[in-house]
Amino acid sequence: MPPTTPARDRLLGAAASLFYGAGITATGVDRIAAEAGVSKPTLYAHFPSKAVLVSAVLVERHDRQRASLQAHLAESDQSPIDRLLGVFDWLGAWHASEATRGCAFLNAAAELTDQTDPARRVIAQHKRWLRDQLALLSSEAGLVNPEEVGEELLLLVEGANTRMLVEGDLGAAPRARRAADAVIEAAQPARSGADGE
4 MPPTTPARDR LLGAAASLFY GAGITATGVD RIAAEAGVSK PTLYAHFPSK
54 AVLVSAVLVE RHDRQRASLQ AHLAESDQSP IDRLLGVFDW LGAWHASEAT
104 RGCAFLNAAA ELTDQTDPAR RVIAQHKRWL RDQLALLSSE AGLVNPEEVG
154 EELLLLVEGA NTRMLVEGDL GAAPRARRAA DAVIEAAQPA RSGADGE
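In our numbering, the protein residues as written are 4 to 200.
(1) Identify which residue in Ala122, Arg166, Ala190 has its Cα closest to the Cα of Val152.
(2) Just curious, the alpha helix (DSSP H) that Leu35 is in, first and last residue?
(3) With DSSP as the reference, label Ile27 as helix, strand or coil.
(4) Which same chain residues, not among the five before or five after Leu88, have their C-beta less than 8 angstroms away from its C-beta?
(5) Going by other Cβ atoms of all chains shown within 10 Å of its Cβ, with 16 needed for buried, is Thr30 buried or exposed?
(6) Distance, Cα to Cα, Arg34 vs Arg104?
(7) Using 8 angstroms as the Cβ pair cut-off and three pairs as the minimum, do the segment 54-68 and the segment 14-28 touch?
(8) Is it true that the CB of Met167 sits closer than 7 angstroms to the CB of His98?
(9) Whose C-beta lies closer than 8 angstroms to the C-beta of Ala111 among residues of the same chain, with five residues either side of it excluded?
(10) To the nearest whole angstrom, what separates the beta carbons of Ala54 and Asp120, a pair I think is in contact under 8 angstroms?
(11) By Cβ distance below 6 angstroms, which residues in the same chain neighbour Trp93 in space, the five residues on each side in sequence not counted?
(12) What runs of the beta strand (DSSP E), each 3 residues or longer, lie entirely inside the segment 121-171?
(13) Look at the alpha carbon of Gly145 and the alpha carbon of Asp80, and state the distance between them as a whole number of angstroms.
(14) Who are the near neighbours of Glu38 in its chain, counting only those whose CB is closer than 7 angstroms to its CB and skipping five residues on each side?
(15) Under 7 angstroms, do Leu157 and Leu137 count as touching if we go by C-beta distance?
(16) Where does Leu14 land, buried or exposed, given buried means 16+ other C-beta within 10 angstroms?
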């Protein structure tokens, strides 16, 4: 990871805000430099291209989301299933606090259609991380086929993010949580009947 400097931090902060609020394509490097209070040469000294800057913004956002979710899970002394459902509580709190346009990674994927764009790799890695977290929590909860449960729960997360983007729907994450409860119930191990069958 490149060494952090005040200028680099300001550039990342300005770019993250502008890319999320106005869009990546609509935001030029001149505006980012002006918002960060640095010259354009300083921007390019830290980020050789806009594509590199976009990737760096997404990596930093991933790191913050990962730390946020891990902190949320660490605070919980609930059952494994409640911890799994708690991901949706975390999602709802995130929507209410800062995710007014839904998921920045999905938004970036919609804009960056070139599959060779380096930011696409960051986006894919972020989504795999969240799916793997959901699968791990599903495994800890003793669910059948936790990898598939993780995939299904990720679809619910993405649906809630889309509702937040399209309509600012703060009820999307709680509804996704209720749907997740049904997915989890269906993935419970089969229980033997009283007659042992």
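For each residue, glycine too, the CB sits at the ideal point set by N, CA and C.
What you are looking at is a predicted structure, and each value in this text was computed from that prediction instead of being measured.
In brief:
(1) Ala190
(2) Strictly speaking, residue 35 in this sequence is Ile, with Leu absent from that position. First-last of the alpha helix (DSSP H) with Ile35: 32-39.
(3) coil
(4) Arg180, Ala183, Asp184, Ile187
(5) buried
(6) 21 angstroms
(7) yes
(8) yes
(9) Phe22, Ile27, Val57, Leu61, Ala122, Ile126
(10) 6 angstroms
(11) Leu72, His75
(12) none
(13) 17 angstroms
(14) Ala17, Leu21
(15) yes
(16) buried
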